[in-house]
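Counting from 284, one number per residue, gives the positions in the sequence shown under this note's numbering.
Just so it is clear, CB atoms sit at the ideal spot from N, CA and C, and this is done for glycine as well.
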Amino acid sequence: MLRKRSVTIAGHRTSISLEDEFWSELVRIAGDKKTSLNSLISRIDEGRATNLSSAIRLHVLADLKGLSQQNSREQETVC
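Spelled out as structure tokens, the structure:
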């Protein structure tokens, strides 16, 4: 389900619509990086070339791909 949330970026409130799964992963990433959700979204916003929702989805995808590659390397080391 698409969910809209308000966040503060550079002192301005804005609304972002994302699927629940992306919000969950974004919260996980922020926790892993020991930063707030607003700070993480602000960093994504600073480096984006597309609309913010798309940039967030791409950031989440890149993070998940990184985790997948890390898990694959760890499994290869064990075998």
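Asked	Found
Relative to the alpha-carbon of Arg-296, which residue among Glu-304, Lys-287, Trp-306 and Ala-338 has its alpha-carbon at the smallest distance?	Lys-287
Beta-carbon separation of Leu-323 and Ile-312 under 9 Å?	yes
My output table needs one value for Lys-348: the three-state DSSP class, helix, strand or coil.	helix
Skipping 5 residues on each side, what residues in its chain have a beta carbon closer than 6 Å to that of Ser-298?	Lys-287 and Ser-289
Can you give me the Cβ contacts of Leu-335 inside the same chain, cut-off strictly under 7 Å, excluding the 5 residues immediately before and after it?	Ile-299 and Asp-328
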